[in-house]
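Taken in order, these protein sequences are the chains called A and B. Numbering-wise (the working numbering), the first sequence opens with residue 15 and increments by one. Numbering-wise (the working numbering), the second sequence opens with residue 15 and increments by one.
Protein chains: 2
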Amino acid sequence: MTDTSALFEAARAGDRASLARLMSLVERGGDDAREIGRLAYPFGGSAYTVGITGAPGAGKSTLTSATIAHMRSIELEVAVLAIDPTSPFTGGAILGDRVRMQDHATDPGVFIRSMATRGHLGGLSLAAPEAVRLLDALGRRWILVETVGVGQVEVEIAGKADTTVVVVNPGWGDSVQANKAGLMEIADVFVINKADRKGVDDTRRDLEQMLDLSEIPSGAWRPPIVTTVATDGRGVAELWNRINEHREVISTSGELERRRRHRLREELREIVARRLEQKAREICTGERWDGLTDDVIERVIDPWSAADDMLRGVDA
Amino acid sequence: MTDTSALFEAARAGDRASLARLMSLVERGGDDAREIGRLAYPFGGSAYTVGITGAPGAGKSTLTSATIAHMRSIELEVAVLAIDPTSPFTGGAILGDRVRMQDHATDPGVFIRSMATRGHLGGLSLAAPEAVRLLDALGRRWILVETVGVGQVEVEIAGKADTTVVVVNPGWGDSVQANKAGLMEIADVFVINKADRKGVDDTRRDLEQMLDLSEIPSGAWRPPIVTTVATDGRGVAELWNRINEHREVISTSGELERRRRHRLREELREIVARRLEQKAREICTGERWDGLTDDVIERVIDPWSAADDMLRGVDA
């Protein structure tokens, strides 16, 4: 077992290499990740998280990069967690953006970390919030979480931020490039990025109509629609203001508190489920298991009944 | 509880409405889905599944549609399961394709069903193979499963087919539009679709290089690379031949049998995990649970320790 305590102390003292190592352990999961979770938890609770999601190609990474630049210009520090396989943050080779990212990468006020979307099923849905909590515990006050808005786990992760920004493009209304209903549901702020292209007004009208249909209760937050051209930074200051407005509104109304409680409750439930899953792996070995799987393969028994059989062993 | 037996019998007798209803129940999960799994399982084992996956916009749906057309021209029946939020099969409004789909939709030799990528976490990873087994039990011999190659769950589902087709486009090598490593790993056949565009040779070279690097053992199947223009059907007959070649090779070598056993074992493990998860939901209610979540929210205890506390109750 790794000496996670020593790593955690070093990271608390500002050592980036230790932080990077801790993040890798969290990503990998297992005992070390749990231990880091235990160490980090008491120190957390001060970070504010902003999710940025949208279809592949919507310009999320460029927008994230522009947002980082804006935050740095007003002297805010920021940590970024990129869990988007289409993002240049995750180690791909997109050209122009890549250069800009590299600028941020050498800025001590910015910490960028990518997280793979692969690994064992469900791994990401635990690892991502754990990584956020680690950054929180290490004193990061603003955490941006960039995910691609395609894929069940990825949309759910974006929806777990305090403020979720959904990025679309002009013409979005006509294409089926996004998990539309899912994205609508989690949006606190809409961005029409690449707003120098035609179709901005149609897209805005499309979004407004969908918002009208969603019957937001009077007095509740209605997601504003911001237009940006992330490549040259246009609209990014306004986006930042809208994010902060949302933050103030939900902080004052108690909604932020409610969201966080709900999120923690959900996550605790998931942790319990994962622990049980681990138990399942322990159950699913040995002679009895091999016999049952053979029976399933030979179609002597169906998988559901076989699972019930195995679980009877757990209750005993 | 729904009368799943009656629905299953009706579907076995050829009633499409009953099949559609069964698929909805499978998608929803829960007791009915499990019951359908139990009913269907003894009748299955004869279908061959082909996964079709790739980045959004790669032309998967058009290719699927063209493959259906080809299969129909050689008088094969086919069932299609589309679990791709960017697919026109899933109810969106893509224009040209949409029309072609509609043609298939009225053909009694074709059954097309879309499945939402949303729902509770992990739902899709159980529902998709269950839907495939249902189609199998109802006598469908060929099942195409179309998923988008972005997102953890979606890539895993595509990789669970007997033959997995990964669709890329010319120029793919330069972009980061796909979960490349993940897709490389599951590919049995590569398709360079939209091969009327420039860059086909570069993309082919890129793929060949990646295949060289992956050190396929001598004698083992090396994924062939097929070029197609799905919009006009070019290359689709060759794709079909390659799929069948792969099928023959793995049937003869025993690899198909091994894959299926492995898949069933994995799935059985997952079913056990889900059953335990259900148990977790039962645990995660009541006074003790509420008290613990409050403690987590107040940071008196971390989520991992709280989960351990709850689970101690299960062992007792």
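Cβ atoms here follow ideal geometry from the backbone N, Cα and C, with glycine treated the same way.
(request) For B/Tyr62, I'd like the list of residues in its chain whose CB is within less than 8 Å of its CB, leaving aside the five on either flank, ordered along the chain. (result) Arg155, Trp156, Ile157, Asp176, Thr177, Arg261
(message) Using the three-state DSSP reduction, which class does A/Ser228 fall into: helix, strand or coil?
(response) coil
(message) Please state the DSSP three-state secondary structure of B/Ala142.
(response) helix
(request) Can you say whether A/Gln191 is buried or exposed, counting buried as having 16 or more other CB atoms within 10 angstroms of its CB? (result) Bear in mind that the predicted position of A/Gln191 carries a pLDDT of just 46, short of 50, making it too unreliable to give a figure here.
(request) Let me know if B/His118 comes out buried or exposed under the rule of 16 or more other beta-carbons within 10 Å of its beta-carbon. (result) buried
(request) Please check if any C-beta of chain B sits within less than 8 Å of the C-beta of A/Thr307. (result) yes
(request) Tell me, please, whether the segment 206–215 of chain A touches the segment 230–244 of chain A by the rule of three or more beta-carbon pairs shorter than 8 Å. (result) yes
(request) Compile a chain-ordered list of the residues in the segment 269–294 of chain B whose CB is closer than 7 Å to at least one CB of chain A. (result) Arg275, Leu278, Arg279, Glu281, Leu282, Arg283, Ile285, Val286, Ala287, Arg289, Leu290, Glu291, Lys293, Ala294
(request) In the DSSP assignment, find the alpha helix (DSSP H) that holds A/Arg313 and state where it starts and stops. (result) Here A/Arg313 belongs to no alpha helix (DSSP H), and DSSP marks it neither H nor E.
(request) Can you have a look at B/Asp29 and say buried or exposed, based on whether 16 or more other CB atoms are within 10 angstroms of its CB? (result) It counts as exposed.
(message) For a cutoff of 8 Å on Cβ pairs, would you count A/Asp13 as touching chain B?
(response) Chain A is shown from 15 up to 330; residue 13 of chain A falls before or after that span and cannot be answered.
(request) Determine the closest residue to B/Ser60 out of B/Leu325, B/Ala151, B/Leu95, B/Glu269, with distance taken between C-alpha atoms. (result) B/Ala151
(request) Take every Cβ of the segment 219–229 of chain B, pair it with every Cβ of the segment 252–269 of chain B, and state whether three or more of those distances are shorter than 8 Å. (result) no
(request) Report the neighbours of B/Arg6 on chain A: residues whose CB is nearer than 7 Å to its CB, in chain order. (result) This structure cannot settle anything about residue 6 of chain B, because the visible part of chain B is limited to 15 through 330.
(request) For B/Ile311, decide whether its Cβ has a neighbour in chain A, counting only Cβ atoms nearer than 8 Å. (result) yes
(message) Assuming contact is defined by CB atoms lying nearer than 8 Å, are B/Val181 and B/Ile50 in contact in what I supplied?
(response) no
(message) I want to see whether chain B comes within less than 8 Å of A/Gly51, judged by CB atoms only; does it?
(response) Yes, A/Gly51 counts as interfacial toward chain B.
(message) Any beta carbon of chain B sitting closer than 8 Å to that of A/Leu221?
(response) no
(request) Please determine, among B/Ile311, B/Leu53, B/Glu229, the residue with the shortest C-alpha to C-alpha distance to A/Phe57. (result) B/Ile311
(request) Go through the segment 156–182 of chain B residue by residue and report every complete run of the alpha helix (DSSP H) that reaches 4 residues or more, in order. (result) 166–173
(request) Identify the continuous beta strand (DSSP E) that holds B/Gly68 and give its terminal residues. (result) 62–68
(request) Starting from A/Ile285, follow the alpha helix (DSSP H) in both directions and report where the run begins and ends. (result) 269–297
(request) May I ask you to report which of helix, strand or coil DSSP gives B/Leu95? (result) Three-state result, B/Leu95: strand.
(request) Let me know the secondary structure DSSP gives A/Thr241 once reduced to three states. (result) strand
(message) Once DSSP output is grouped into helix, strand and coil, what is the label at B/Arg35?
(response) helix
(message) Quick check: the Cα distance between B/Ala24 and B/Gly153, rounded to an integer number of angstroms?
(response) 13 Å
(request) Taking 8 Å as the threshold, find out whether the segment 312–319 of chain B comes into contact with the segment 278–288 of chain A through three or more Cβ pairs. (result) yes
(message) Just to confirm, is the Cβ distance from B/Val179 to B/Val203 under 8 Å?
(response) Against a cut-off of 8 Å, the Cβ pair of B/Val203 and B/Val179 comes out as a contact.
(message) Please state whether the Cβ-Cβ distance between B/Leu138 and B/Gly163 is less than 8 Å.
(response) no
(message) Here's the rule: buried if 16 or more other CB atoms are within 10 angstroms of the residue's CB, otherwise exposed. What is B/Arg147?
(response) buried
(request) Just grab the DSSP bridge partners of B/Arg127 for me. (result) B/Leu95
(request) Locate the alpha helix (DSSP H) running through B/Ile82, then write down its first and last residues. (result) 74–87
(request) Measure from the alpha carbon of A/Gly249 to the alpha carbon of each residue in A/Thr16, A/Leu90, A/Leu39, A/Ala83, then state which is nearest. (result) Considering only alpha carbons, the answer is A/Ala83.
(message) For B/Ala321, tell me which candidate among A/Met85, A/Leu290, A/Ala72 has the shortest Cα-Cα distance.
(response) Closest option to B/Ala321, Cα to Cα, is A/Leu290.
(request) Taking C-beta pairs closer than 8 Å, name the residues in chain A that B/Ser319 reaches, listed in chain order. (result) Arg52
(message) Taking the alpha helix (DSSP H) that B/Phe22 belongs to, which residues open and close that run?
(response) 18–26
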